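Below is one structure, written out as structure tokens; comments come after it.
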Amino acid sequence: MAYPRKLLNQNESVELDLRPHWWFLAPRLAVLVLAVLVGIYTATRDDPPQALVALVGIAVVAALIWFGVRYAQWATTNFVVTSDRVIYRHGVLSKRGIEIPLDRINTVVFNQSFFERIIGAGDLEIESAADTPSVFTDIRKPSIVQAEIYKQAEDNENRKYDRIGANAQAGAAASSGLSIAEQLEKLEGLRDRGSITPEQYEAQKAQLLR
């Protein structure tokens with residue numbers, strides 16, 4: 027299940043939306059396959075004992091349910107990197123989650139064993155201001171995720187500086203002696219270039235018209 031877009035902030039975009047690595051499912055899948063193979067072997071024997079058939083059948087059903095629960099956990103877990111934050115949500119019937127604003131992230135560390143490097147899995151540890159580190163396991167290609175988090179954090183910081191600069195430019199235009207029409211034209215140019223948001227444009231416009 028993809029991360030719900032209705033939970034995003036205004037002007038926020040999803041850059042990564044990941045499920046846990048397939049290794050998250052591997053142990054229980056192996057048990058299920060083994061149970062099915064034993065079931066097939068038992069069913070193909072000549073006149074197997076009914077008690078043994080029943081026992082193997084119960085084992086196959088139990089392994090299937092055990093794997094089904096794990097798959098449901100996999101399908102309802104999201105590790106999301108947006109233009110504003112890192113989001114981790116999980117839970118089948120009830121939901122739990124953590125959100126870390128990009129501007130609060132200090133360090134992102136990834137850990138991979140030799141085997142995890144081969145299969146492309148690993149763990150991420152995110153240190154943020156005034157919080158204990160958050161550890162996320164079974165992340166796909168953690169080094170790439172680490173780089174993307176740093177990239178989005180830098181872009182987020184640059185957008186803040188751009189908005190500050192745009193507001194300063196808008197304020198300077200308002201105090202420069204230009205006519206209302208000329209000031210509105212400058213504001214429209216800032217909005218069209220993306221230097222200010224539509225909301226900032228409307229606020230400055232309302233202020234000028236007042």
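Residue 213 in the numbering used here sits at position 187 of the sequence shown; the count goes up by one each step and never skips.
Glycine included, C-beta positions come from ideal geometry on N, C-alpha and C.
Note that the structure is a prediction, hence the values are computed from the model and not measured.
Residues bridged to residue i [DSSP beta-bridge criterion]
i: residue 114; result: 105 and 124
i: residue 149; result: 137
i: residue 165; result: 148
i: residue 221; result: None, per the DSSP bridge assignment.
i: residue 154; result: 131
i: residue 160; result: 152
For residue i, three-class secondary structure by DSSP
i: residue 182; result: helix
i: residue 68; result: helix
i: residue 213; result: helix
i: residue 38; result: coil
i: residue 175; result: helix
i: residue 51; result: coil
i: residue 84; result: helix
i: residue 44; result: strand
i: residue 131; result: strand
i: residue 227; result: helix
i: residue 119; result: coil
i: residue 56; result: helix
Under 8 Å between C-beta atoms of residue i and residue j
i: residue 54; j: residue 93; result: yes
i: residue 138; j: residue 159; result: no
i: residue 82; j: residue 64; result: yes
i: residue 165; j: residue 149; result: yes
i: residue 241; j: residue 216; result: In the structure as shown, the chain begins at 27 and stops at 236. Residue 241 is therefore absent and cannot be evaluated.
i: residue 111; j: residue 128; result: yes
i: residue 153; j: residue 132; result: yes
i: residue 90; j: residue 58; result: yes
i: residue 109; j: residue 38; result: yes
i: residue 113; j: residue 29; result: yes
i: residue 130; j: residue 98; result: no
Whole-Å CB distance - residue i paired with residue j, under 8 Å assumed
i: residue 147; j: residue 47; result: 4 Å
i: residue 209; j: residue 107; result: Going by Cβ atoms, the distance from residue 209 to residue 107 rounds to 38 Å, so no, they are not a contact pair.
i: residue 141; j: residue 100; result: In fact, because the Cβ distance is near 19 Å, the residues do not count as touching under 8 Å.
i: residue 175; j: residue 134; result: 5 Å
i: residue 171; j: residue 42; result: 6 Å
i: residue 102; j: residue 123; result: In fact, because the Cβ distance is near 11 Å, the residues do not count as touching under 8 Å.
Chain B within 8 Å of residue i, Cβ atoms only
i: residue 233; result: In summary, chain B is missing from the structure at hand, where a single protein chain is found.
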